[in-house]
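Number of protein chains: 2
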Amino acid sequence: LKPVDLRHASRLVNHGPTVLVTSRHGDRRNVMAAAWSMPVEFLPPRIAVVIDKHTATAELVAASGVLGLCVPGRGIADFSYTVGSTSMRDVPDKFGRFGIGFDDSPTLGVPLVHGCAGWMECRVIPEAHTQSAYDTWFVEVIAAWADERVFSAGHWSFRDDNTALHTLHHIGAGLFGTPGVQVQGRRLG
Amino acid sequence: LKPVDLRHASRLVNHGPTVLVTSRHGDRRNVMAAAWSMPVEFLPPRIAVVIDKHTATAELVAASGVLGLCVPGRGIADFSYTVGSTSMRDVPDKFGRFGIGFDDSPTLGVPLVHGCAGWMECRVIPEAHTQSAYDTWFVEVIAAWADERVFSAGHWSFRDDNTALHTLHHIGAGLFGTPGVQVQGRRLG
Numbered sequence: 001l002k003p004v005d006l007r008h009a010s011r012l013v014n015h016g017p018t019v020l021v022t023s024r025h026g027d028r029r030n031v032m033a034a035a036w037s038m039p040v041e042f043l044p045p046r047i048a049v050v051i052d053k054h055t056a057t058a059e060l061v062a063a064s065g066v067l068g069l070c071v072p073g074r075g076i077a078d079f080s081y082t083v084g085s086t087s088m089r090d091v092p093d094k095f096g097r098f099g100i101g102f103d104d105s106p107t108l109g110v111p112l113v114h115g116c117a118g119w120m121e122c123r124v125i126p127e128a129h130t131q132s133a134y135d136t137w138f139v140e141v142i143a144a145w146a147d148e149r150v151f152s153a154g155h156w157s158f159r160d161d162n163t164a165l166h167t168l169h170h171i172g173a174g175l176f177g178t179p180g181v182q183v184q185g186r187r188l189g
Numbered sequence: 190l191k192p193v194d195l196r197h198a199s200r201l202v203n204h205g206p207t208v209l210v211t212s213r214h215g216d217r218r219n220v221m222a223a224a225w226s227m228p229v230e231f232l233p234p235r236i237a238v239v240i241d242k243h244t245a246t247a248e249l250v251a252a253s254g255v256l257g258l259c260v261p262g263r264g265i266a267d268f269s270y271t272v273g274s275t276s277m278r279d280v281p282d283k284f285g286r287f288g289i290g291f292d293d294s295p296t297l298g299v300p301l302v303h304g305c306a307g308w309m310e311c312r313v314i315p316e317a318h319t320q321s322a323y324d325t326w327f328v329e330v331i332a333a334w335a336d337e338r339v340f341s342a343g344h345w346s347f348r349d350d351n352t353a354l355h356t357l358h359h360i361g362a363g364l365f366g367t368p369g370v371q372v373q374g375r376r377l378g
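From first to last, the protein sequence lines stand for chains A and B.
Under this note's numbering, think of the first position of the first sequence as 1, with each following residue one higher.
Under this note's numbering, think of the first position of the second sequence as 190, with each following residue one higher.
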């Protein structure tokens, strides 16, 4: 868990991975998966993420004004899929029930989930209209970290020896693509 | 180029691929790459995409109220990288200059780029604040198509025999991950 320079934070999600949205209000903590997120600004790093207004996560985030965005690795694909299809209303403690640990983030106290490749703690930028009309929340990243085995000096390195930390890209029904096969685009003249 | 049912359109970008944003106003046509897009609604299918306000694309899209979103395949990785780092102001005809064809979409007349795996024609939903504050444009997909060799009946099928149509996920500096390696998440009890 190594700090990521804020100017590189957007790179954690630039390539479109599924993220885990974590939340905390008082003693209540939750985690859900979200396939729909994207950076919108490099610096300050800002991210848009879709959180359905009917979810427990939306309720906690609205109450606290903060959330965590964690980038799960392939090693926790089952956990990631499962927390994307269960509600806190049925499973009050998804961490305990599905057997994954976390630490509270240092400034905002949102869960940073073990087994992830990257983590961000974020403050909500109040945007009532887009929250209501599109379930789209804009957040500002105030701190970021990565597992240096797969992301260091601002760059991802997806290799055969770190596949458990390869990011997950949700194709559908729990099937995830991972970026293990890569291609280098060349600049045409 | 087979029609995609609108209720499945979000699946074309659910897993976070880089897209080509195409635009047309009068006789002026353009294409740029965008790593930052996401669905925000299943039906009607709506997508958010970040288009820097200083680009020629933003100018054309603002003037016409329409755009195309094309999902490039690995076979045009060089084109995709190149149109993401050149401006129409320097290269007025990127299609001709970089040697890729297109067809105008049937209803809105936006370019559908050859060599892509999926295509959508979209109308802009006017949202002046998010366009200004976050360069974030919300659009509604009015028609979608896919190359059935890689996407049919609402599902992607990334296989060894269709790698040229595998989607591109921009890691940075022209390096793209592709979803050739997959993992099936299982539901935890």
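Every residue, glycine too, gets a C-beta built ideally from N, C-alpha and C.
Judged by DSSP in its simplified three-state form, B:THR246 adopts helix.
Considered as a whole, the region 271-305 of chain B harbours 283-287 as its complete alpha helix (DSSP H) runs of no fewer than 4 residues, in chain order.
Fewer than three beta-carbon pairs drawn from the region 235-249 of chain B and the region 10-30 of chain A are found closer than 8 Å, and the two stretches are therefore not classed as touching. By the C-beta density criterion, B:LYS191 is exposed, having fewer than 16 other C-beta atoms within 10 angstroms. Our two residues, A:ARG97 and A:THR82, have alpha carbons roughly 11 Å apart in a direct line. In this structure, A:GLY177 places its C-beta atom within 8 Å of the C-beta atom of A:ILE171.
DSSP places B:PHE340 within a strand segment (E or B) once states are collapsed to three. Counting only residues of its own chain and dropping the five nearest sequence neighbours on each side, B:GLY262 has a CB closer than 8 Å to the CB of GLY304, CYS305, ALA306, ASP336, VAL339, ALA353, LEU354, HIS355, THR356, LEU357. Less than 8 Å divides the Cβ of A:VAL40 from the Cβ of B:THR325.
Comparing C-alpha distances from A:VAL124 to each of A:ALA9, A:HIS8, A:LEU60, A:LEU67 shows the shortest one belongs to A:LEU67. Here the alpha carbon of B:GLN371 sits roughly 25 Å from the alpha carbon of B:LEU258. Taking 7 Å as the upper bound on Cβ-Cβ separation, chain A lies near residues PHE287 of the region 276-290 of chain B.
Judged by beta-carbon spacing, A:GLY84 lies beyond the 8 Å limit of B:GLY205, meaning their Cβ atoms are not closer than that value. Around the beta carbon of B:GLY374, a 10 Å sphere encloses 16 or more other beta carbons of the protein chains shown; the residue is thus reported as buried. By the rule that beta-carbons nearer than 8 Å mark a contact, B:ILE240 does not touch chain A. In the three-state DSSP reduction, A:SER23 falls in the strand class (E or B). Secondary structure of A:LEU69 (DSSP, three-state): strand. Residue contact check for A:VAL31 against chain B: no CB pair falls below 8 Å.
Looking at the DSSP output, A:HIS170 bridges to A:PHE176. Look at B:SER226 here: in three-state DSSP terms it is strand. DSSP links A:GLU140 through a beta bridge to A:ARG46, A:ARG123. A:SER152 sits exposed, since fewer than 16 C-beta atoms from the chains shown fall within 10 Å of its C-beta. In this structure B:VAL208 is in contact with B:ALA223, their Cβ atoms being roughly 5 Å apart against a cut-off of 8 Å. If you draw a straight line from the Cα of A:ALA128 to the Cα of B:ASP350, it is about 46 Å long. At a cut-off of 8 Å between beta carbons, A:SER37 contacts chain B. The beta carbon of B:PRO295 sits closer than 6 Å to none of the beta carbons in its chain outside the five residues before and after it.
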